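Note sheet for the following structure.
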């Protein structure tokens, strides 16, 4: 029995969840991700899969509600969307259900 307890002490935990949220290429406002269904067609009509990544840009906005700046990685479409709402990140975040407290 003592050996069983010792073996379980060295075993890795089973329910480990690793977060890849930091490396994910995703717009923080709209949730847009890369297009993985794109193909390149060569001169001989071969079809080769490719990934069309989104155009992510780091942006800082001043949040009147939080009384501080908020740094986000937005797609260019997301930047246009914030500009459509008068540059107010609070209105845009409320529209798309984004919690600004998680951004520094």
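Numbering (this note's numbering), first residue to last: 21 to 124. Every residue, glycine too, gets a C-beta built ideally from N, C-alpha and C. Bear in mind that the values here come from a model prediction, so they are computed numbers and not experimental data.
Given that a residue counts as buried once 16 or more other Cβ atoms are within 10 Å of its Cβ, and exposed if not, what is residue 48? Start at 1 with the first residue of the chain shown, and residue 48 comes out as number 28. Counting C-beta atoms within 10 angstroms of its own C-beta, residue 48 has 16 or more neighbours from the protein chains shown and is therefore classed as buried.
Alpha carbon of residue 122 to alpha carbon of residue 113, nearest angstrom: As a first step, residue 122 must be located in the chain shown, where it is residue number 102. As a first step, residue 113 must be located in the chain shown, where it is residue number 93. Near 12 Å, if we compare the C-alpha coordinates of residue 113 and residue 122.
Residue 93 vs residue 76 beta-carbon contact at 7 Å: For the purposes of this step, residue 93 is identified with residue 73 of the chain shown, where counting begins at 1. For the purposes of this step, residue 76 is identified with residue 56 of the chain shown, where counting begins at 1. If you check the CB distance, residue 93 and residue 76 come in under 7 Å.
So who's on the other strand from residue 95, going by DSSP bridges? Residue mapping note: residue 95 aligns to position 75 of the chain shown, counting from 1. Residue 95 pairs with 76.
Could you tell me if residue 71 is buried or exposed, where buried requires 16 or more neighbouring beta carbons within 10 angstroms of its beta carbon? By one-based count along the chain shown, residue 71 stands at place 51. Looking at its Cβ environment, which holds fewer than 16 other Cβ atoms inside 10 Å, residue 71 is exposed.
Who does residue 58 pair with in a DSSP beta bridge? Residue mapping note: residue 58 aligns to position 38 of the chain shown, counting from 1. Answer is 70.
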